[in-house]
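**Q** Taken in order, the sequence shown gives residues 1 to 284; the numbers are from the UniProt record's numbering. Heads up, the beta-carbon is just placed ideally off N, CA and C, and yes, glycines get one too. One structure coming up, written as structure tokens, with questions to follow.
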Amino acid sequence: MEWGKGYILWLLLGHSIVSQMSRLFMEKYKPWLLMAYGMLACWLLLGIGGLAVILLHITISFFVAQFKISVLIWACSLLLLSTLRIPAVEEQQRGWYDTENEYYLLLFTLSVRCLYNTSFSLEYCWYGSTQKCYHSFLWMLAYMFYYPVFHNGPIITFDEFHKQMRKQESYSLKSNLCILVLGVVRILFWWWLAELMIHLMYIHAICSSSPLLESVSYWTLGGLALAQVLFFYVKYLVLFGVPALIIQMDGLTPPALPRCVSTMHSFSGMWRSFDVGLHHFLIR
């Protein structure tokens with residue numbers, strides 16, 4: 001879990017502090033304070049160039065949403081994604097960063113943000129003029145720069161985010177501490193298990209060793225395949241578990257965490273239960 005060893009965990013901790021302080025003292029302005037923090041965190045991690053590209057994508061998506069044509073919204077999203085593979089754009093963006101990991105973090109963030117752009121634009125398209133004030137550019141910025149789900153998800157539709165952000169649950173320091181302690185214990189256990197699988201079961205090394213895979217029996221190969229899928233599941237319990245815990249601390253309801261893949265018999269069922277937020281986004 002290399003991402004957890006960098007700045008992202010510290011920025012998530014900063015988000016939690018801002019969120020809890022705003023719930024205590026400035027509940028009315030909480031969405032805008034979290035939006036401002038998300039923009040600051042984006043600038044610190046991705047630089048001014050990364051922030052500018054994300055703002056450009058947001059502005060273009062909001063402009064296209066004004067036409068209220070679903071096909072046009074999807075076409076715009078696909079076009080914005082395709083620009084990331086233009087050689088001149090790739091070369092320019094790589095020049096902003098010292099390492100490949102930083103550049104790939106920008107690409108992954110832009111891909112996830114594209115889903116959020118699409119969600120907002122479609123909600124804007126479907127709802128009538130009576131709710132237009134709730135689909136303003138300012139609310140779009142608050143949605144797009146909500147930091148717990150900024151880089152990796154999970155996916156929360158704009159409708160869910162907006163309703164929950166406007167109707168907060170009553171704040172209780174004691175219940176929040178219980179949620180925090182139990183959540184941290186669970187995540188640390190999953191994290192420890194994932195690291196154990198990497199270092200003792202050689203999960204990554206086995207996949208890259210073709211001669212070894214060719215020499216084992218079919219039963220062994222099936223067991224290795226199951227181990228890979230289970231590792232994928234445990235890894236996403238951490239990747240989605242950290243944001244989900246912070247979302248709960250914010251007084252919102254996160255999408256359900258992935259269901260254990262060993263309890264499912266088909267991959268169609270797996271994707272419905274693995275990334276619940278993305279599944280809800282696609283079926284809306």
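Around the Cβ of residue 24, are there at least 16 other Cβ atoms within 10 angstroms (buried) or fewer (exposed)?
**A** exposed
**Q** Would you identify the three-state DSSP class for residue 252, choosing helix, strand or coil?
**A** coil
**Q** Fully enclosed by the segment 1–76, which alpha helix (DSSP H) runs are 4 residues long or longer?
**A** 8–25 and 30–65
**Q** To the nearest whole angstrom, what separates the beta carbons of residue 103 and residue 93, a pair I think is in contact under 8 Å?
**A** 6 Å
**Q** Mapping the DSSP letters down to three states, classify residue 176 as helix, strand or coil.
**A** helix
**Q** Determine the direct distance from the alpha carbon of residue 273 to that of residue 261, and round the result to whole angstroms.
**A** Computed Cα separation, rounded: 9 Å.
**Q** Rounded to whole angstroms, what's the CA-CA distance from residue 359 to residue 82? Just pull it up for me.
**A** The structure shown has nothing for residue 359, since the chain only spans 1 to 284.
**Q** Does the segment 31–43 touch the segment 6–16, meaning 3 or more C-beta pairs lie closer than 8 Å?
**A** yes
**Q** Please give me, in chain order, every unbroken run of the alpha helix (DSSP H) with length at least 4 that falls completely inside the segment 172–248.
**A** 173–200, 203–207 and 210–215
**Q** Could you work out which residue in 70, 275 and 47 is closest to residue 233 when comparing CA atoms only?
**A** 275
**Q** Just mark residue 21 as buried or exposed, buried being the case when its beta carbon has 16 or more other beta carbons within 10 Å.
**A** exposed
**Q** When you compare the CB positions of residue 156 and residue 31, do they come within less than 8 Å of one another, or not?
**A** Not a contact, by the Cβ cut-off of 8 Å.
**Q** Is there contact here, the segment 115–126 with the segment 52–65, by at least three beta-carbon pairs under 8 Å?
**A** Contact holds: three or more Cβ-Cβ distances are below 8 Å.
**Q** Could you work out which residue in 210, 211, 203 and 63 is closest to residue 226 when comparing CA atoms only?
**A** Here the closest residue by C-alpha is 203.
**Q** Taking 8 Å as the cut-off, decide whether the C-beta atoms of residue 258 and residue 231 are in contact.
**A** no
**Q** Are residue 247 and residue 224 touching if we call contact CB-CB under 8 Å?
**A** no
**Q** Nearest-angstrom Cα distance between residue 151 and residue 158?
**A** Looking at the two C-alpha atoms, the distance is approximately 16 Å.
**Q** Around the Cβ of residue 113, are there at least 16 other Cβ atoms within 10 angstroms (buried) or fewer (exposed)?
**A** buried
**Q** Where residue 36 and residue 144 are concerned, what is the direct C-alpha to C-alpha distance, given to the nearest angstrom?
**A** 11 Å
**Q** Cα separation between residue 44 and residue 18?
**A** 16 Å
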